[in-house]
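Notes follow once the structure below has been shown.
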Amino acid sequence: MVQELHQVLLEREATCHKTCFSLQLNGVTLDNFTEIRAVPEPYTMREARIHLRHVRDLLKNGDQADAASAVDLTSLSFLPSVNLQERGDKEKPFDGLPPDYVLPGTKERSLAPMLTNLSKGKIAVKNLGISAFNPPPGYRKVKGDVLYLFVDTVEKRRLHITCCTKGFFVNSSSDDVFNPAPSNQNKGISHSLVDLLNVVSPGFKKAYPVIIKKRNERHMLDRLPTPYPVYSWLSPAQEVVEDSIRADDASQPHRVGFEGEFWLNIGFLEQLGFKGSGSAMWILVRLRQH
1 MVQELHQVLL
11 EREATCHKTC
21 FSLQLNGVTL
31 DNFTEIRAVP
41 EPYTMREARI
51 HLRHVRDLLK
61 NGDQADAASA
71 VDLTSLSFLP
81 SVNLQERGDK
91 EKPFDGLPPD
101 YVLPGTKERS
111 LAPMLTNLSK
121 GKIAVKNLGI
131 SAFNPPPGYR
141 KVKGDVLYLF
151 VDTVEKRRLH
161 ITCCTKGFFV
171 NSSSDDVFNP
181 APSNQNKGIS
191 HSLVDLLNVV
201 SPGFKKAYPV
211 IIKKRNERHM
221 LDRLPTPYPV
231 YSWLSPAQEV
241 VEDSIRADDA
251 SQPHRVGFEG
261 EFWLNIGFLE
271 QLGFKGSGSA
281 MWILVRLRQH
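Going by UniProt numbering, the first residue of the sequence shown is number 1, and it counts up by one from there.
Written as structure tokens, this is what we have:
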């Protein structure tokens, strides 16, 4: 309802000091008891892939396991950027050593503080990716099939899922046999992949709220990955887990390395108020020049 949206604006830090205002649509003031709802739109191939990537990013948000491996957009940097330009007020040669605050008062500085402490978080799914049965055959496309997925749950089950124009449902396929018919054990269709996994996986239903709560505790800027990969020469030992989407991104020969960064910055800049891809592209180009 409009009244609930009004209350949300009163609680946000940026607008909590405003009390005398009204919400309007096309110059018409909305009544406080007018209902506002989200209307589900039919999925296309593009929207299905965006939804899959978004769900994967939500589940992997804050995971630093890929950072030390120099994975695009997730790498960490302990040292600040080095400016080798001469300064007029003071010249200080750069020796390449870590800063004093790493371990002050010692000549032989330990490298242990530079290692990232990788903490294991909650796992909602073991693996999530695009099935090898893609693309849907013609007779299934006319019935609305858009994309086939697979999910390895924490209960050690592999679910084959169909994304159709209306949403997601579990099909009867296995790793060797393609059967697009809806599963007899997990009936029903959900417009969101998260809603479907909440129904079919008790482990996902238990872990997902914890992951989202931890994500919401972080600042909006902290949720974004670093925009440039940093190839660290000092990496801690880490456990490599299966991730089909990560493997697909790293093995695509047609990618030049900036597509994900471009769209990430576009979405982030639009959240900050820069509407339209033109203005966001100009800002991204200016950032690259500096």
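For every residue, glycine included, the Cβ atom is placed at its ideal position computed from N, Cα and C.
Would you report the Cα separation of residue i and residue j, rounded to the nearest angstrom?
{"i": "Ile-123", "j": "Glu-4", "result": "33 Å"}
{"i": "Glu-35", "j": "Glu-41", "result": "19 Å"}
{"i": "Pro-135", "j": "Tyr-148", "result": "8 Å"}
{"i": "Thr-153", "j": "Asp-175", "result": "15 Å"}
{"i": "His-219", "j": "Val-177", "result": "45 Å"}
{"i": "Glu-155", "j": "Asn-198", "result": "13 Å"}
{"i": "Phe-204", "j": "Leu-58", "result": "13 Å"}
{"i": "Phe-133", "j": "Ser-172", "result": "13 Å"}
{"i": "Arg-140", "j": "Asp-195", "result": "24 Å"}
{"i": "Arg-49", "j": "Cys-20", "result": "42 Å"}
{"i": "Ser-131", "j": "Thr-162", "result": "9 Å"}
{"i": "Lys-214", "j": "Asn-26", "result": "38 Å"}
{"i": "Gly-121", "j": "Ile-211", "result": "8 Å"}
{"i": "His-191", "j": "Val-39", "result": "11 Å"}
{"i": "Ser-201", "j": "Lys-126", "result": "12 Å"}
{"i": "Lys-206", "j": "Asn-184", "result": "24 Å"}
{"i": "Glu-47", "j": "Leu-128", "result": "17 Å"}
{"i": "Asn-186", "j": "Val-170", "result": "6 Å"}
{"i": "Asn-179", "j": "Lys-60", "result": "30 Å"}
{"i": "Val-28", "j": "Val-8", "result": "20 Å"}
{"i": "Ile-189", "j": "Glu-217", "result": "31 Å"}
{"i": "Arg-53", "j": "Pro-182", "result": "24 Å"}
{"i": "Leu-264", "j": "Val-142", "result": "The predicted model places Leu-264 with a pLDDT of 44, which falls under 50 and marks its position as unreliable, so this point remains unresolved."}
{"i": "His-160", "j": "Arg-12", "result": "41 Å"}
Who are the Cβ neighbours of residue i in its own chain at under 6 Å, not counting the five residues just before and after it?
{"i": "Leu-193", "result": "Val-55, Phe-168"}
{"i": "Tyr-208", "result": "Ala-124"}
{"i": "Pro-137", "result": "none"}
{"i": "Leu-30", "result": "Val-2, Leu-23"}
Looking only at its chain, what residues have a beta carbon closer than 8 Å to the beta carbon of residue i, apart from the 5 residues adjacent to it on each side?
{"i": "Met-1", "result": "Asn-32, Phe-33, Thr-34, Glu-35, Ile-36"}
{"i": "Gly-144", "result": "Cys-164, Thr-165, Lys-166"}
Spatial neighbours of residue i within its chain, please: C-beta separation below 7 Å, excluding the five flanking residues on both sides.
{"i": "residue 312", "result": "Summary: the structure shown does not reach residue 312, with the chain confined to residues 1 through 290, and so no result is reported for it."}
Mind reading off the beta-carbon distance from residue i to residue j? Whole number of angstroms is fine, and I expect it under 8 Å.
{"i": "Arg-158", "j": "Phe-150", "result": "6 Å"}
{"i": "His-6", "j": "Leu-23", "result": "7 Å"}
Problem - In chain order, each alpha helix (DSSP H) run of at least 4 residues that lies wholly inside the segment 117 to 198 - result: 138 to 141
Problem - Residue ranges of each alpha helix (DSSP H) within the segment 12 to 58, 4 or longer - result: none
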